[in-house]
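Chemist: Below: one structure in structure tokens.
In the working numbering, the protein residues as written are 583 to 679.
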């Protein structure tokens, strides 16, 4: 286990990148690490939404809680928590027959 300073160091680095992103006027003002953070975040959100929308579309209506169109809207408008909400609350359990 590392010292407290060693454990906190990665968080300070991420915070510094977030500050850099907030203060940047354009894409070219960002460092390569900040650009990687932005592209990684965008990639994660796109993959998460595609995965969730696939499940919303292919889940049978009888296994959905609520309206399919409403789940598309919730998962599309609420970035990270919308898909999480669908997988936690939007699907009913499988029938055990």
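Here a beta-carbon is modelled for each residue, glycine too, at the ideal position from N, C-alpha and C.
None of these values were measured; they are calculated from a predicted model.
Please classify residue 623 as buried or exposed, where buried requires at least 16 other C-beta atoms within 10 Å of its C-beta.
Modeler: Answer is exposed; the Cβ neighbour count stays below 16.
Chemist: Measure from the alpha carbon of residue 608 to the alpha carbon of each residue in 620, 598 and 597, then state which is nearest.
Modeler: Closest by alpha carbon: 620.
Chemist: In the DSSP assignment, the alpha helix (DSSP H) including residue 663 goes from what residue to what residue?
Modeler: Residues 663–667.
Chemist: Would you check if the distance between the CB atom of residue 671 and the CB atom of residue 650 is smaller than 8 Å?
Modeler: Not closer than 8 Å, so no.
Chemist: Taking the alpha carbon of residue 673 as the reference point, which residue from 654, 641, 664 and 659 has its own alpha carbon closest?
Modeler: Ranking 654, 641, 664 and 659 by Cα distance to residue 673 puts 641 first.
Chemist: Are there 16 or more other CB atoms within 10 angstroms of the CB of residue 664, so buried, or fewer, so exposed?
Modeler: The residue is buried, with at least 16 neighbouring Cβ atoms inside 10 Å.
Chemist: Which two residues bound the contiguous alpha helix (DSSP H) that contains residue 635?
Modeler: Segment 614–640, the alpha helix (DSSP H) holding residue 635.
Chemist: With respect to the alpha helix (DSSP H) encompassing residue 644, which residues constitute its N-terminal and C-terminal limits?
Modeler: Looking at the DSSP string, residue 644 is not in any alpha helix (DSSP H), and its letter there is neither H nor E.
Chemist: From residue 631 to residue 591, what does the alpha carbon distance come to, in whole angstroms?
Modeler: Their backbone Cα atoms lie some 31 Å apart in a straight line.
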